[in-house]
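The working numbering numbers the first residue of the sequence shown as 360 and each following residue consecutively.
Down below is the structure, laid out as structure tokens.
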Amino acid sequence: MARKKNENSVRTLTKKGTATRASILDAAHEVFRDTGYYASSNSEITRRAGVSLATFYQYFRNKEQVFQELNDLIVERFINKTESLSLEGLDFASRLKKIITLLYEHTKNNLAFHRILGESELIDRVTLDYYEAIARFLRNFLRKEAVLGNIRSLDPNIIAYGLIGICYFNSFKWGEPKEDLNEEQVIDLMAELIMNGINGSAEWKRKADWDMLALPEPSPLHEETEDIMTKGEKTRQAILLAAEKVFGQYGINRAGIAEITREAGVAFGTFYVHFASKAELVEGYVKYVNRKMRCEIQRLAGTRADRRDVERVGIIVFFDFVLRHRAVYRIIPEFEMIDKEISLWYYKKTAQGYIDGLDRAMKKGEIRQYPPVFLAHSLMGIIHFIGLKWVIWAANPNVDLSRQAIENSIQLVIWGLKP
360 MARKKNENSV RTLTKKGTAT RASILDAAHE VFRDTGYYAS SNSEITRRAG
410 VSLATFYQYF RNKEQVFQEL NDLIVERFIN KTESLSLEGL DFASRLKKII
460 TLLYEHTKNN LAFHRILGES ELIDRVTLDY YEAIARFLRN FLRKEAVLGN
510 IRSLDPNIIA YGLIGICYFN SFKWGEPKED LNEEQVIDLM AELIMNGING
560 SAEWKRKADW DMLALPEPSP LHEETEDIMT KGEKTRQAIL LAAEKVFGQY
610 GINRAGIAEI TREAGVAFGT FYVHFASKAE LVEGYVKYVN RKMRCEIQRL
660 AGTRADRRDV ERVGIIVFFD FVLRHRAVYR IIPEFEMIDK EISLWYYKKT
710 AQGYIDGLDR AMKKGEIRQY PPVFLAHSLM GIIHFIGLKW VIWAANPNVD
760 LSRQAIENSI QLVIWGLKP
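This is the structure we're talking about:
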């Protein structure tokens with residue numbers, strides 16, 4: 360979509376003016392990387408650029424225009440690389456690897472920018488267009504390969520956002536546990552996983568009338584019920600539930616303690632009985648949501664004997680959880696910019712038990728052999744980004760995930776692209 364440009368951005372600049380404008384953009388990139396978009400200021404940008412505020416306004420209306428131009432520049436660089444990408448004379452596996460290499464390197468080189476895109480203030484204005492520009496290129500590639508019969512019949516948009524997700528999650532610095540994999544090995548593994556999925560050689564025993572979206576009976580709920588919670592525990596939970604609604608409505612940065620206590624129906628001072636600060640509430644809330652999600656997945660997926668069935672059920676339950684908690688899951692990516700430690704905790708806690716389960720399944724032949732830490736992070740990334748695209752970023756407030764979208768996601772994970 361074309362945007363009306365600042366008249367100062369289209370006028371002819373002198374060599375000095377061009378250099379000044381570029382230095383402001385570079386400084387802004389640093390500030391956004393260090394503080395995020397919401398917490399950044401024009402004064403900090405000009406301080407780092409070594410120019411006055413008056414000089415800033417000669418080139419830009421506001422920080423939003425600066426960020427938008429940085430976004431456009433990063434997208435333009437990606438598109439330029441796609442246009443110079445040579446796929447002639449390569450087989451499908453080699454072409455796929457080149458595409459993944461391009462996307463992975465772009466993601467790694469712009470990881471800080473990708474984190475900023477998770478801020479709620481930017482999602483509707485910038486984030487959706489950014490990822491759509493990348494997905495458009497991927498869809499075009501995938502459609503051509505589908506016509507050639509190289510991939511199974513899956514929605515190319517599902518695959519595109521799955522590719523974005525796997526590259527994004529493998530660009531993280533996860534810390535321990537980690538596997539000694541170099542960049543080339545990671546790219547090879549991502550290409551293999553996207554091509555073949557996780558399906559192992561062991562027989563997967565299923566009924567003849569097997570329904571891909573069928574769910575088993577959940578195991579008994581062992582969490583504390585409201586009936587046996589103390590008054591203090593009920594108040595704390597009320598604040599957490601209120602935070603879910605308020606965070607989802609305003610985003611973490613704009614949400615205030617007053618709005619949260621009002622929504623919870625408790626006195627302002629009561630908040631500080633349970634949380635020392637808003638930052639502590641955010642940490643408590645992240646852990647609350649993470650535990651709730653893992654509990655729901657475990658109650659249904661944990662009853663399955665075959666790991667492929669565990670993954671199938673886990674995907675269905677995850678999408679259902681996101682649909683029911685859409686407002687707040689919209690801000691999960693925002694945690695990455697506001698508090699990197701709690702954000703990393705959220706993802707690592709999710710991966711913790713996942714890694715061991717995948718490792719056991721590989722030993723039984725249910726799952727294809729991959730480094731288990733790599734596999735856990737990759738599967739999380741694929742499903743996370745499909746959930747973002749189809750549920751969190753959907754324009755329809757009453758969004759639902761179609762049967763085809765869920766089935767395609769399961770098929771991509773279990774069997775990959777290979778027909």
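Glycine included, each C-beta is placed from N, C-alpha and C at the ideal position.
Note that the structure is predicted; figures quoted are calculated from it, not measured.
Considering only the beta carbon of each residue, do residue i and residue j sit closer than 8 Å?
i	j	result
Tyr-631	Leu-599	no
Phe-677	Gly-746	yes
Leu-462	Leu-522	yes
Leu-717	Leu-734	yes
Phe-528	Gly-712	no
Gly-524	His-743	yes
Met-549	Lys-777	no
Ile-482	Trp-752	yes
Thr-709	Arg-653	yes
Ile-433	Asn-469	yes
Phe-451	Glu-504	yes
Phe-415	Asn-401	yes
Ile-459	Gly-395	no
Ser-578	Thr-629	no
Ile-619	Val-641	no
Ile-557	Glu-670	yes
Arg-666	His-633	no
Figure out for me which residue from the options has the closest Cα to the Cα of residue i.
i	options	result
Val-625	Phe-634, Ala-597, Phe-606, Gly-615	Ala-597
Pro-731	Thr-466, Leu-487, Glu-538	Glu-538
Ile-773	Glu-551, Ile-701, Ala-614	Glu-551
Glu-639	Lys-651, Gln-657, Ile-616	Ile-616
Ser-382	Ser-411, Ser-399, Tyr-397	Ser-411
Lys-566	Asp-668, Pro-536, Lys-374, Tyr-705	Asp-668
Ala-601	Glu-592, Arg-621, Met-588, Arg-613	Arg-621
Tyr-490	Glu-435, Gly-395, Arg-392	Glu-435
Trp-533	Lys-707, Gln-544, Asp-570	Lys-707
Asp-679	Glu-543, Leu-572, Glu-447, Ile-458	Leu-572
Glu-442	Asp-568, Glu-695, Phe-496, Ile-701	Phe-496
Go through its chain and collect everything with a Cβ distance to residue i's Cβ below 7 Å, but skip five positions before and after it.
i	result
Leu-574	Leu-659, Val-672, Ile-675
His-388	Leu-429
Trp-749	Leu-760, Ala-764
Lys-858	Residue 858 cannot be examined here, being either before or after the span of the chain that is shown, 360 to 778.
Asp-715	none
Ser-737	Ile-525, Phe-528, Asn-529, Met-549, Leu-552
Leu-444	Lys-457, Leu-461
Ala-754	none
On the three-state DSSP scale, how would you describe residue i?
i	result
Asn-499	helix
Ile-690	coil
Ile-557	coil
Ile-726	strand
Asn-439	helix
His-743	helix
Trp-533	coil
Trp-704	helix
Val-672	helix
Met-549	helix
Trp-749	helix
Met-571	coil
Leu-429	helix
Gly-508	coil
Val-681	helix
Leu-540	coil
Thr-662	coil
Gly-477	coil
Who are the near neighbours of residue i in its chain, counting only those whose CB is closer than 6 Å to its CB and skipping five residues on each side?
i	result
Pro-515	Arg-498, Leu-501, Arg-502
Gly-559	Gly-724, Glu-725, Ile-726, Arg-727
Asn-767	Leu-513, Asp-514, Ile-517
Glu-693	Gly-477, Glu-478, Ser-479, Ile-611
Ile-656	Gly-673, Val-676
Arg-362	Caution applies to Arg-362, whose pLDDT of 49 falls short of 50 and renders its modelled position unreliable; the model cannot decide the point.
Tyr-705	Val-645, Asn-649
Need the endpoints of the alpha helix (DSSP H) that residue i sits in, please.
i	result
Ala-635	Neither: Ala-635 is in no alpha helix (DSSP H) and is coded neither H nor E.
Ala-465	A small fix is needed here, since residue 465 is His in this sequence, not Ala. His-465 -> alpha helix (DSSP H) spans 451 to 468.
Ile-773	762 to 774
Glu-603	590 to 609
Thr-414	412 to 418
Leu-522	515 to 528
Asp-393	374 to 394
Ala-408	401 to 408
Gly-621	The sequence shown places Arg at residue 621, not Gly. Segment 616 to 623, the alpha helix (DSSP H) holding Arg-621.
Quick one: residues in its chain with C-beta nearer than 8 Å to the C-beta of residue i, no 5 flanking neighbours on either side, listed in chain order?
i	result
Asn-365	With a pLDDT of 48 at Asn-365, under the threshold of 50, the modelled position of this residue cannot be trusted; read the value that follows with caution. Around Asn-365: Tyr-418, Phe-419, Arg-420, Gln-424.
Lys-440	Leu-461, His-465
Glu-603	Tyr-644, Val-648, His-684, Ala-686, Val-687
Lys-456	Ile-546, Asp-547, Ala-550
Lys-422	Ala-387, Tyr-396, Ser-399, Ser-400, Asn-401, Ile-404
So that I know if they touch, is there some Cβ in chain E lying closer than 8 Å to that of residue i?
i	result
Gln-763	Here there is only one protein chain, and chain E is not present.
Say the cut is 7 Å; is the CB of residue i nearer than that to a heavy atom of the ligand HEM?
i	result
Gln-417	Absence of the ligand HEM from the depicted structure is noted, as is the absence of any ligand whatsoever, leaving it without description.
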